[in-house]
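This report refers to the structure that appears directly beneath it.
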Amino acid sequence: MRTRRPRPGTPGRVLAWLPDGRPADVYSAPCPSRAALDRLADKWTALIVGVLSTGTKRFGEIRDAIDGISEKMLTQTLRSLERDGLVERRSYPTVPPRVEYRLTELGLTLEEPLSAVRDWAERHVNEINAARARHDGGP
Numbered sequence: 001m002r003t004r005r006p007r008p009g010t011p012g013r014v015l016a017w018l019p020d021g022r023p024a025d026v027y028s029a030p031c032p033s034r035a036a037l038d039r040l041a042d043k044w045t046a047l048i049v050g051v052l053s054t055g056t057k058r059f060g061e062i063r064d065a066i067d068g069i070s071e072k073m074l075t076q077t078l079r080s081l082e083r084d085g086l087v088e089r090r091s092y093p094t095v096p097p098r099v100e101y102r103l104t105e106l107g108l109t110l111e112e113p114l115s116a117v118r119d120w121a122e123r124h125v126n127e128i129n130a131a132r133a134r135h136d137g138g139p
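For what it's worth, full-length UniProt numbering labels the leading residue of the sequence shown as 1, then goes sequentially.
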């Protein structure tokens, strides 16, 4: 019988149970919570959630708010977020067609943790860049 290794971060804390009766564990390779972590760790997800946290937006508004995102990447990420139940897409039968995106109730739960990650990145960018320069042999 294999013993379960201690979990880093939140030892002994079970946050959710999987349908097969096992606890969710992102440190376990086959656990489906890894796919959720993958979605959240994506930079475009963090930025799109930030833009949509202020309310419903059209595709062009999201694209214009996120400098450097291609239309292809925005489309792919929005589709993934919709598939994961984090974003709702609403299409209106107008000419030209109007499509709007908003965070679902589940998506809204991401705003606080992803806001903290975005803030952390902005707060510590100089330290990261200095560490990279030292590592790479720069000044």
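Ideal Cβ positions, reconstructed from N, Cα and C, are used throughout, including at glycine.
All values reported here derive from a predicted model rather than from experimental measurement.
Residues that DSSP places opposite residue i in a beta bridge
i: Trp120; result: Partner(s): none; Trp120 has no beta bridge.
i: Leu103; result: Val87
i: Lys57; result: Tyr101
i: Tyr27; result: Answer by DSSP bridge pairing: none, since Tyr27 is not bridged.
i: Trp17; result: Pro23
Same chain only: Cβ atoms within 6 Å of residue i, ignoring 5 sequence neighbours per side
i: Leu74; result: Arg63
i: Ala65; result: Val51
i: Glu88; result: Arg102, Thr104
i: Pro19; result: none
i: Arg134; result: none
Residue from the options with nearest C-alpha to residue i
i: Leu103; options: Gly21, Thr54, Leu40; result: Thr54
i: Pro96; options: Arg83, Arg58, Ser33; result: Arg58
i: Glu111; options: Cys31, Asn126, Thr94, Thr45; result: Thr45
i: Asp41; options: Asn129, Ala121, Gly21, Gly60; result: Note on identity: in this sequence residue 41 is Ala, with Asp being the wrong assignment. Cα-wise, what sits closest to Ala41 is Ala121.
i: Lys43; options: Asp119, Asp20, Thr56, Thr94; result: Asp119
i: Thr56; options: Arg90, Gly137, Glu127, Thr94; result: Arg90
i: Ser80; options: Arg39, Glu61, Gly60; result: Arg39
Residues near residue i by beta carbon distance below 8 Å, same chain, minus five either side
i: Tyr92; result: Arg98, Val99, Glu100
i: Arg123; result: none
i: Leu78; result: Ile48, Phe59, Ile62, Val87, Arg89, Tyr101
Same chain, Cβ closer than 7 Å to residue i, five either side skipped, listed in chain order
i: Leu34; result: Reading off the sequence, residue 34 comes out as Arg, not Leu. The answer, listed in chain order, is Val26.
i: Leu37; result: Val26
i: Glu71; result: Arg63
Any C-beta of chain B under 8 Å from that of residue i
i: Arg83; result: Among the chains in the structure shown there is no chain B, since it carries only a single protein chain.
(message) Any contact between the stretch 110-118 and the stretch 44-57? By contact I mean 3 or more CB pairs, one from each, below 8 Å.
(response) With a cut-off of 8 Å, the stretch 44-57 and the stretch 110-118 count as touching, because enough Cβ pairs lie within range.
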